[in-house]
Amino acid sequence: MPLEFDDNIPIKYGVMLTFITTIRHPRNSTSYLRVGQLLEATLRSVCRQSDEDFQVVVVHNEKPDISFTSAAVSYVQVDFPPPVQDRTPTFELGPFRVDKGTKCAVGIIAARELGAQHVMFIDADDYLHCGLAGLANGNPEHPGWYSPQGFVHTAGSRYVQPVEAEFHRKNGSTSIIRADLTGVPEDLRIDAAQAEIIASMPDGHVERLFGAHGKWQDHLSVSGLTMEAMPFPCAIWEIGTGENHSGNLVSKRKRQMIDPAITDTFGLKKPSHISSLWSSARVQTRRIQQHRAAFGKVSPE
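With the working numbering applied, the sequence shown corresponds to residues 15 to 315, in that order.
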């Protein structure tokens, strides 16, 4: 299972920070075209790092159709089964965490092949701060960082909502870990079967650390290692896409307009007023459909 690179440009091996993201099984998606669009937005964002010494590894069952290419992006295909057989983006968290966690483990193996000193797990529908590679690369021996602060953005909105605390326990794009501390065995092959990956680590390691949020601080503290809070909000959590487990989060948090500083830092552009109204109406329609479906009145699309 070799790494597949986007461009024919030579890759810099021995990179310092590698971002790892995983793509859900096509069967567990409302629209795989939409999954590709969300991934493309994330890749465009993360590849705007001010420090160019980084790589991105995308682990997938089937590579989504996207137009964005970069020498910093590589792909690894796995043949893991769908977490559930139903064609739906929402299901119990247990199977989801196993799927995501084992794919993250494959991503770590790929990152090691690239020579990564640190890895950062990111969701394939978020926007990332442009200073992450600089932070990690400037501190190569540091055990890791977490981001207690961040932003929430509803798809199509002209606003973001700041999250001042505990962001790392809600979002999957908030932890940078030194690669040798992840617990993935050095001899585990990149083409290992899903069951082999799970069996190679202690019970619950894959699901709890790779498949869930906010567990790394406690895990590393057992070994006397301390993660540090990032000096800036690391990500914008994109919700209301119809393809993530956040659903359509409703919050009364304060909000702020997407301004040039947000765009420059994260790559999130402010939509036009008309586009925002259209997206808002679409999100509301989806919420109504999901609410009715929950009570058995209609079937979701």
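By construction, the Cβ of each residue, glycine as well, lies at the ideal position given by its N, Cα and C atoms. Quick caveat, the model's predicted, so the values are computed rather than measured.
#### Entry: VAL198 to THR56 span [Cα, whole Å]
Sequence index remark: in the sequence shown, residue 198 carries index 184 (1-based). Sequence index remark: in the sequence shown, residue 56 carries index 42 (1-based). Roughly 25 Å between the two C-alpha positions.
### Task
Taking VAL120 as part of the alpha helix (DSSP H), name the residues at either end of that continuous run.
Counted from its first residue, the sequence shown places residue 120 at position 106. From DSSP, the alpha helix (DSSP H) with VAL120 extends over 107-128.
### Query
In terms of alpha-carbon separation, which member of PRO78, THR32 and THR44 lies closest to LEU53?
Within the sequence shown, residue 53 is the residue found at index 39, counting from 1. Per the Cα distances, PRO78.
### Task
Reducing DSSP to helix, strand and coil, say where ARG41 ends up.
On the sequence shown, residue 41 is found 27 positions in, with the first residue counted as 1. Looking at ARG41 - three-state DSSP - the assignment turns out to be helix.
### Query
Which stretch, first to last residue, makes up the beta strand (DSSP E) that contains THR196?
To locate residue 196, count along the sequence shown from 1; it is residue 182. Where THR196 is concerned, there is no enclosing beta strand (DSSP E), given that its DSSP letter is neither H nor E.
### Task
State yes or no: is the C-beta of MET241 within less than 9 Å of the C-beta of GLN131?
As a first step, residue 241 is located in the sequence shown; it is residue number 227 there, counting from the start. As a first step, residue 131 is located in the sequence shown; it is residue number 117 there, counting from the start. Against a cut-off of 9 Å, the Cβ pair of GLN131 and MET241 comes out as no contact.
### Close-in-space but distant-in-sequence residues of the same chain around ALA249 (CB under 7 Å, 5 per side omitted)
Locating residue 249 in the sequence shown gives position 235, counting from the first residue. For ALA249, where only same-chain residues beyond five positions count, the Cβ hits under 7 Å are ASP140, TYR141, LEU142, HIS143, SER161, GLY164, ASN185, SER187 and THR188.
#### Entry: Meets three-Cβ-pair contact criterion under 8 Å: the segment 219-228 and the segment 165-183
yes
### Task
Alpha carbon to alpha carbon, how far is VAL70 from SER214? Give it in angstroms, no decimals.
Taking the first residue of the sequence shown as 1, we reach residue 214 at position 200. Taking the first residue of the sequence shown as 1, we reach residue 70 at position 56. Roughly 24 Å separates the two Cα atoms.
### Query
For ARG160, which residues does DSSP report across the bridge?
Within the sequence shown, the letter at position 146 stands for residue 160. With the sequence shown as reference, residue 160 is identified as Tyr, and Arg is not the correct amino acid for it. As a beta-bridge residue in DSSP terms, TYR160 pairs with SER189 and ALA243.
### Query
Can you name, in chain order, every residue of its own chain whose Cβ lies under 6 Å from the Cβ of LEU263, other than the five neighbours on each side?
Residue 263 sits at position 249 when you count from the first residue of the sequence shown. Confidence is the limiting factor: at LEU263 the pLDDT is only 49, short of 50, which leaves the residue's position unreliable and the question unanswerable from this model.
### Task
Look at ALA125 and THR35 and say whether their C-beta atoms are less than 9 Å apart.
Your numbering for residue 125 matches position 111 in the sequence shown. Your numbering for residue 35 matches position 21 in the sequence shown. Contact flag unset, no.
### Task
Determine the burial state of SER59: buried for a count of at least 16 other Cβ atoms within 10 Å of its Cβ, exposed for fewer.
Reading the sequence shown from its first residue, position 45 is the one you call residue 59. Buried, by the Cβ-count rule.
### Query
Going along the chain, which residues of its own chain have a beta-carbon closer than 7 Å to the beta-carbon of ASP65, five neighbours each way excluded?
For the purposes of this step, residue 65 is identified with residue 51 of the sequence shown, where counting begins at 1. Cβ neighbours of ASP65 beyond the five flanking positions: ALA147, GLY148 and ASN151.
### GLU276 (DSSP reduced to helix, strand or coil)
Counting from one through the sequence shown, the residue named residue 276 turns up at place 262. Here the sequence assigns Ile to residue 276, which means Glu is not the residue at that position. ILE276 falls in the helix class under three-state DSSP.
### Message
Restricting to Cα atoms, I'd like to know which of ALA169, ILE211, ASP67 and ILE190 is closest to VAL92.
### Response
Within the sequence shown, residue 92 is the residue found at index 78, counting from 1. Closest option to VAL92, Cα to Cα, is ILE211.
### GLY218 to GLU200 span [Cα, whole Å]
Here residue 218 is taken as the residue at index 204 of the sequence shown, counted from 1. Here residue 200 is taken as the residue at index 186 of the sequence shown, counted from 1. The straight-line gap from Cα to Cα measures roughly 19 Å.
### Task
Determine the extent of the alpha helix (DSSP H) in which HIS233 is found, giving its start and end residues.
On the sequence shown, residue 233 is found 219 positions in, with the first residue counted as 1. Taken as a continuous stretch (DSSP letters only), the alpha helix (DSSP H) holding HIS233 covers 230-235.
### Query
What's the gap between the Cα of HIS74 and the Cα of SER81?
In the sequence shown, residue 74 corresponds to position 60, counting from 1. In the sequence shown, residue 81 corresponds to position 67, counting from 1. Answer to the nearest angstrom: the Cα atoms are 17 Å apart.
### Message
As a quick exercise: from CYS61, MET271, VAL90 and SER286, pick the residue whose alpha carbon is nearest that of GLY145.
### Response
The residue given as residue 145 occupies position 131 in the sequence shown. Among CYS61, MET271, VAL90 and SER286, the Cα nearest to that of GLY145 is on CYS61.
#### Entry: SER171 - containing beta strand (DSSP E), residue span
Taking the first residue of the sequence shown as 1, we reach residue 171 at position 157. No beta strand (DSSP E) contains SER171, which DSSP labels as neither H nor E.
### Query
Over what stretch of residues does the beta strand (DSSP E) that includes THR35 continue unbroken?
Position 21 of the sequence shown, counted from the first residue, corresponds to residue 35. It spans 31-36 - the beta strand (DSSP E) in which THR35 sits, taken as one unbroken run.
### Query
What are the boundary residues of the alpha helix (DSSP H) that includes ALA209?
As a first step, residue 209 is located in the sequence shown; it is residue number 195 there, counting from the start. First-last of the alpha helix (DSSP H) with ALA209: 208-213.
### Task
Output yes or no for whether 9 Å exceeds the beta carbon distance between PHE33 and VAL133.
Position 19 of the sequence shown holds residue 33. Position 119 of the sequence shown holds residue 133. Against a cut-off of 9 Å, the Cβ pair of VAL133 and PHE33 comes out as a contact.
### Query
Roughly how far, in whole angstroms, is the beta-carbon of VAL90 from the beta-carbon of GLY121, given that I think they are within contact range, below 8 Å?
Residue 90 sits at position 76 when you count from the first residue of the sequence shown. Residue 121 sits at position 107 when you count from the first residue of the sequence shown. Indeed they touch by this definition, with Cβ atoms about 7 Å apart.
### Query
Under a three-way DSSP split, which group does VAL87 fall into?
Here residue 87 refers to the residue found at position 73 when the sequence shown is read from its first residue. VAL87: strand per DSSP, three-state reduction.
### Message
Taking the alpha carbon of ILE136 as the reference point, which residue from LYS117, ALA85 and PRO154 has its own alpha carbon closest?
### Response
The residue given as residue 136 occupies position 122 in the sequence shown. Closest option to ILE136, Cα to Cα, is LYS117.
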